[in-house]
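So the sequence shown is numbered by the UniProt record's numbering: it starts at 1 and just counts up by one. Have a look at the structure below before the remarks.
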Amino acid sequence: MSATTTAQRSDQPGRIMSGEMAEQPAVLRRILDQGAPRIREVAERIAARNPRFVLLTARGTSDNAALYAKYLLEVLLGKPCGLTSMSTTTAYGAQPDLTDVLVITVSQSGGSPDLVASTEAARAAGAITLAVTNNADSPLAAVSEFHIDVLAGPEKALPATKTYTAELLALYLFVEGLRGGDGAAAKVLPDLAQQILDRQDEVRQLAARYRFAERMVLTSRGYGYPTAKEAALKLMETSYIPALSYSGADLLHGPLAMVDNISPVIAIVTEGKGGQALQPVLERLRGRGADLVVIGSASEVERASAGFALPTDGVAEELQPILEILPLQMLAYEVTIARGQDPDAPRALAKVTETR
């Protein structure tokens, strides 16, 4: 049964999240067809000002999208890049010199007070400010010099799905624009995303295997690391399973000691240099008898306890995270349903989280 079919069962818990997951191929296509020219224009205007380095500001799911952008900016553009600590400005009142620095703030709603305040402070400190949001009328867009609309449409489910992949694609096209690229490599994504979403039965089988898990560990390296962090967040906020995410390198520096043959380890094995760098970690996990779940190529899945093979042959490494997260979104959804919970209504959460 496809994600689209599931989305049509209006009496089912999680129908909103399911429906929004199913929209992702259309959202990706909309960005490529309608959003790309505007993104390229913004990128060209910012590139002309030659920012000396880049700072990224975000919270939650958008923070994982910002981490993806950090990899893009450092690897493809060679720009020094960092993730900001907003409290240095909003709580401590620090006043850094941000002259000729590009500050990118990523936010689904564009409404959190700390994001708005830190962006205002950055602009006052001389930064070039860019907001990447799903709300062109948001306070964040209003206080930023530049804005990119990710065109995901209204997102009603508390767990963000389509806005995350929309942010990733918009950020990829922006970085491509900064370096004079046309982003044509991304045109394969909508069809491949649909192929993945149509394989929900496979994910449901994985969910049945892990519905009683008391803990999960997720790991990756390079471009796949933001995917591990985002997947862990989705699992925690929907199913309430403690899900710990680590860079493969960090996993070996201590946390490997907690890995056993009971709690599953989900490894996102991106085809390319990131996946190659993860190989020693996978060998150590196999050596410890870990219940290893691989999201990656068919050859990697064959060597694991379980997994989901991605159709990423020939897809650029930097684009694979947009596909990698899809089966993991579905896994979070299916595990939550299997545990008798409603992923549309996670306890104690609000759609717009207002931090200061």
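Every residue gets a Cβ at the ideal spot worked out from N, C-alpha and C, and that includes glycine. Please read these numbers as outputs of a predicted model, since none were measured by experiment.
Who are the near neighbours of lysine 79 in its chain, counting only those whose CB is closer than 7 Å to its CB and skipping five residues on each side?
Hits under 7 Å: Phe53, Val54 and Leu73.
With a cut-off of 8 Å on the beta carbons, I'd call glutamate 230 and tyrosine 164 a contact; round off their distance for me.
Their Cβ separation, rounded to whole angstroms, is 6 Å, which keeps glutamate 230 and tyrosine 164 in contact under 8 Å.
What is the DSSP secondary structure of aspartate 201, counted as helix, strand or coil?
Helix, per DSSP.
Should the region 319-336 be called in touch with the region 195-210, which here means at least 3 C-beta pairs below 8 Å?
A contact exists between the region 319-336 and the region 195-210.
For valine 315 and aspartate 291, which I take to be in contact (beta-carbon distance under 8 Å), what is that distance rounded to the nearest angstrom?
With a Cβ gap of about 28 Å, valine 315 and aspartate 291 do not count as contacting.
With C-beta atoms as the reference, is leucine 56 less than 8 Å away from leucine 83?
Result yes, Cβ atoms of leucine 56 and leucine 83 sit closer than 8 Å.
Count the C-beta pairs between the region 210-229 and the region 269-282 that are closer than 8 Å, then say yes if the count reaches three, no if not.
Counting Cβ pairs under 8 Å, three or more are found: they touch.
Using 8 Å as the cut-off, can you tell me whether the region 250-261 makes contact with the region 230-239, which would need three or more C-beta pairs spanning the two stretches below that distance?
With the cut-off at 8 Å, the region 250-261 and the region 230-239 do not touch.
Tell me, to the nearest whole angstrom, how far the beta carbon of arginine 30 is from that of leucine 151; I am working on the premise that it is less than 8 Å.
The Cβ separation is near 5 Å, so the contact holds.
With DSSP collapsed to three states, give me the class of methionine 258.
In this structure, methionine 258 counts as helix in the three-state DSSP scheme.
In the DSSP assignment, what residue or residues form a beta bridge with tyrosine 246?
Bridge partners of tyrosine 246: Thr219.
Whole angstroms is fine: what's the gap from threonine 6's alpha carbon to alanine 22's?
Unreliable positioning characterises threonine 6 in this predicted model, as indicated by a pLDDT of 43, which lies under 50. A coordinate reading is not provided.
Thinking just about the alpha-carbon of each residue, which of Leu115, Asp182, Ala160 and Leu76 is nearest to the one in alanine 142?
Residue Leu115 is the option with its Cα nearest to alanine 142.
Return the bridge partner residues of alanine 306 from the DSSP annotation.
Beta-bridge pairing links alanine 306 to Val293.
Quick one: which unbroken beta strand (DSSP E) runs of 3-plus residues sit fully inside the UniProt domain "SIS" (42-184)? Chain order, please.
Correct list: 53-58, 81-83, 101-107, 128-133 and 146-149.
Using DSSP's beta-bridge definition, name the partner residues of valine 265.
Valine 265 is bridged to Val217 and Leu292.
Do you know how far the Cα of glycine 177 is from the Cα of glutamate 41?
Answer to the nearest angstrom: the Cα atoms are 8 Å apart.
Put residue 362 into one of helix, strand or coil per three-state DSSP.
What is shown of the chain runs 1 to 356, which leaves residue 362 out entirely.
Along the chain, where does the alpha helix (DSSP H) that runs through glutamate 324 open and close?
Start and end: 320-338.
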